[in-house]
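Student:
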Amino acid sequence: MAKEFKLSKERLEELKTELHYLKTVREKEVADQIKEARSFGDLSENSEYDEAKNEQGKLYSRIVELENIIAHAVVISDEEQSSDTIGLGNRVTVLDLGENFEEEYQIVGSQEADPMNGRISEESPFGRALLGKRAGDEVLVEAPVGILHFRILSFER
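What follows is the structure, given as structure tokens:
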């Protein structure tokens, strides 16, 4: 069974737009680069040609990746989730009990994760620890630096 990719509707649309751009505009640009590089002569010592072919490989790899994500995407919606426990898409405020520091995160699908901006994957140890919990619950998260202890202060959709 193929892996499902949990995405917001907005993120799915962004990926579809990117795929369309890559298949139409970018693919033609790369083909033109290869055509131009071929005109420079001997392909065995033509760095422009090698670079254009590498770019083409990256492009096709990204197209295949996007097609796979889109084909196996599961759009998450608020209606499907319980309102009394933490779920995908929720913003969660936690207190780091070790550092006595408050932080806010949003739990998202793995394709939308951006930890530097407070968007953590539901597949990460921290994301998994928060799912299904309620405000007031305490969670332990195993991290490379050791066990981290958090209290959930609040969450919202």
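Mapping of the sequence shown onto this note's numbering: residues 7 to 163, in sequence order.
We put the CB at the ideal spot given by N, CA and C, even for glycine.
1. Out of curiosity, what's the CA-to-CA distance linking Asn52 and Phe46?
2. Which residues share a DSSP beta bridge with Ala149?
3. Do Ala79 and Leu13 count as a contact pair if the criterion is CB distance below 8 Å?
4. Taking one C-beta from the stretch 145-161 and one from the stretch 89-106 each time, how about it: are there three or more such pairs within less than 8 Å?
5. To the nearest angstrom, how far is the alpha carbon of Ala135 from that of Glu129?
6. Whole angstroms are fine: how far does the CA of Glu10 sit from the CA of Glu109?
7. Taking the C-alpha atoms as reference points, what is the distance between Lys64 and Asp90?
8. Could you check what DSSP says for Ile12 in three-state terms: helix, strand or coil?
9. Grouping DSSP H, G and I as helix and E and B as strand, with all else coil, what is Leu159?
10. Assuming Ile40 is part of the alpha helix (DSSP H), what are its boundary residues?
11. Spatial neighbours of Gly138 within its chain, please: CB distance less than 6 Å, with the 5 preceding and 5 following residues excluded, ordered by chain position.
12. Could you check the C-alpha separation between Tyr55 and Leu28 for me, to the nearest Å?
13. Got a sec? Which residues, its chain only, sit under 7 Å from Arg32 by beta carbon, not counting five neighbours each side?
14. Sort out for me which residues DSSP pairs Ala79 with in a bridge.
15. Mark Ser127 as exposed unless 16 or more other C-beta atoms lie within 10 angstroms of its C-beta, in which case mark it buried.
Tutor: In short:
1. 7 Å
2. According to DSSP, Ala149 bridges with Gly152.
3. yes
4. yes
5. 9 Å
6. 29 Å
7. The alpha-carbon atoms of Lys64 and Asp90 are separated by roughly 44 Å.
8. Checking the displayed sequence, the identity of residue 12 turns out to be Lys instead of Ile. Lys12 falls in the strand class under three-state DSSP.
9. strand
10. 33-44
11. Here the set comprises Thr91.
12. 20 Å
13. Leu65
14. Phe11
15. buried
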